[in-house]
Amino acid sequence: MSGRSMTVSLLAVLVLFIASNALFIIKETERGVLLRFGQVVTPNLEPGLHVKVPFVNNVRKFDGRVLTVDSTPERFFTQEQKALIVDSYAKFRVIDTAKYYTATNGDETRASALLSQRINDGLRNQVAARSIQEVVSGERDQLMAAINRELDVVARTELGVEMIDVRVKQIDLPQEVSESVYRRMNAEREKEARELRAQGQELAEGIRAAADREVTVIEANAYRDAQEIRGEGDAEATRIYADAFGQDPEFYSFTRSLRAYQESFQSSGDMILVKPDSEFFRYLKDSSGALKEPADAVN
1 MSGRSMTVSL
11 LAVLVLFIAS
21 NALFIIKETE
31 RGVLLRFGQV
41 VTPNLEPGLH
51 VKVPFVNNVR
61 KFDGRVLTVD
71 STPERFFTQE
81 QKALIVDSYA
91 KFRVIDTAKY
101 YTATNGDETR
111 ASALLSQRIN
121 DGLRNQVAAR
131 SIQEVVSGER
141 DQLMAAINRE
151 LDVVARTELG
161 VEMIDVRVKQ
171 IDLPQEVSES
181 VYRRMNAERE
191 KEARELRAQG
201 QELAEGIRAA
211 ADREVTVIEA
221 NAYRDAQEIR
231 GEGDAEATRI
241 YADAFGQDPE
251 FYSFTRSLRA
261 YQESFQSSGD
271 MILVKPDSEF
281 FRYLKDSSGA
291 LKEPADAVN
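For the sequence shown, UniProt numbering assigns the number 1 to the initial residue and increments by one for each residue that follows.
Here is the structure:
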């Protein structure tokens, strides 16, 4: 290879090296600043191809997407001095690259730490102005909206980022308080359960008493109706007997005597002493029932 070819090759390599250091690309998902010896000369570089002076200018690129800062759980005190463990997170996005670079040196970890500190300060102030009921459920949405508004102003001014949202993930009681609260809640639930059981027992006794009373009334009414029906039947039977025997009184007297004989002499050892002229044996002497003068006593 001749000296001229070598020179051309070296010049080509030098041009490529300079070009590679002079050209840079900002992606759609990135934000960037152009520095000159560490000083910001062109903030908020737009996405696309850009040119810089090699060895003089430097480019710092940042993630332009929505980022998340996850704060560590912190202990805060409510208006009534009740301790709560609050775990939160926030969403932010870089909007002022020059301010962001100046405040954090382009370090996302440092930016997250600064935001986390400010989130905790905001939460501390908001929780201190509310009761535990308002923090947990009553005004939880209002609390997060207030923190987001206040933090967005501070973040834009100091860090050059936009606060998109601040959310509380979890609110817990401290461990030493949780046990006592759990025991108190358990005692309250047991008391409520005993009251409900007592009310149920009272209601059951009332239902049983009403059922027993109804059973007694039904049985009494049934017995009364049965006695009335039985009495009506006996009366009807007596009337029928009276009508039947009224047609032939002598036959009725005869059948009654036969029944009396049968009941009086049911066994061979039975014995009766009566006068011979007693009406008891009138039908034994005469089937017509006519009485005669007795001659001897009958055994």
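Heads up, the beta-carbon is just placed ideally off N, CA and C, and yes, glycines get one too.
A contact is defined here as three or more CB-CB pairs under 8 angstroms, and the region 167–187 fails this definition with respect to the region 200–217.
The straight-line gap separating the alpha-carbon atoms of Thr68 and Asp165 is approximately 10 angstroms.
Within the region 156–180, the complete beta strand (DSSP E) runs of at least 3 residues fall at 161–172. DSSP places Asp63 within a strand segment (E or B) once states are collapsed to three. Look at Val33 here: in three-state DSSP terms it is strand.
Contact check for Gly122 and Glu150: beta-carbon distance about 6 angstroms, within the 8 angstroms limit, so the pair qualifies.
It is roughly 24 angstroms from the alpha-carbon of Leu35 to the alpha-carbon of Phe92.
Under the DSSP assignment, Pro43 falls in the beta strand (DSSP E) whose first and last residues are Gln39 to Leu45.
Residue pairing from DSSP places Gly48 in a beta bridge opposite Ile26.
By the neighbour-count criterion, in which 16 or more other beta carbons inside 10 Å mark a residue as buried, Gln126 falls on the buried side. Val127: member of the alpha helix (DSSP H) spanning Glu108 to Ala128, first to last residue. Sixteen is the threshold: when 16 or more other Cβ atoms of the shown chains lie within 10 Å of the Cβ of Ser71, as they do, the residue is buried. With fewer than 16 other Cβ atoms inside 10 Å of its own Cβ, Lys191 counts as exposed. Assigned with DSSP and collapsed to three states, Lys82 falls in coil, not helix or strand. Around the beta carbon of Ala103, 16 or more other beta carbons lie within 10 angstroms, which makes this residue buried. Excluding the 5 residues flanking it on each side, Ser131 has same chain C-beta neighbours closer than 7 angstroms at Thr78, Gln79 and Glu80, in chain order. Contact between Val40 and Val51 fails: their C-beta atoms lie close to 17 angstroms from each other, not under 8 angstroms. Exclusion of the five residues before and after Pro47 leaves Ile26, Lys27, Glu28 and Glu30 as the residues of its chain whose Cβ lies within less than 8 angstroms of its Cβ. Spanning the alpha carbons of Ile229 and Val217 requires a straight line of approximately 18 angstroms. One alpha carbon belongs to Leu115, the other to Leu23, and they sit about 34 angstroms apart.
Counting along the chain, the unbroken alpha helix (DSSP H) around Phe254 starts and ends at Pro249 to Ser264. Going by DSSP, Phe77 is part of the beta strand (DSSP E) stretching over Glu74 to Phe77. When rounded, the separation of the alpha-carbon atoms in Gln133 and Pro73 is 19 angstroms.
Short of 7 angstroms from the beta carbon of Val153, and not among the five residues preceding or following it, lies no beta carbon of its own chain. The shortest C-alpha to C-alpha distance from Thr109 to any of Ala242, Phe62 and Gln142 is the one to Phe62.
Taking Ala98 as the centre and dropping the five residues before and after it, the same chain places the C-beta of Val33, Val40, Pro43, Asn44 and Gly160 closer than 8 angstroms to its C-beta, in chain order. Ala111 is classed as buried because its beta carbon has at least 16 other beta carbons within 10 Å across all chains shown. For Val94, the three-state secondary structure derived from DSSP is strand.
Asn57 is bridged by DSSP to Arg36.
Excluding residues up to 5 positions away in sequence, Phe76 and Ile171 lie with their Cβ nearer than 6 angstroms to the Cβ of Leu84 in the same chain.
Of the residues assessed, Leu49 falls on the exposed side of the cut-off, its CB having fewer than 16 other CB atoms within 10 angstroms.
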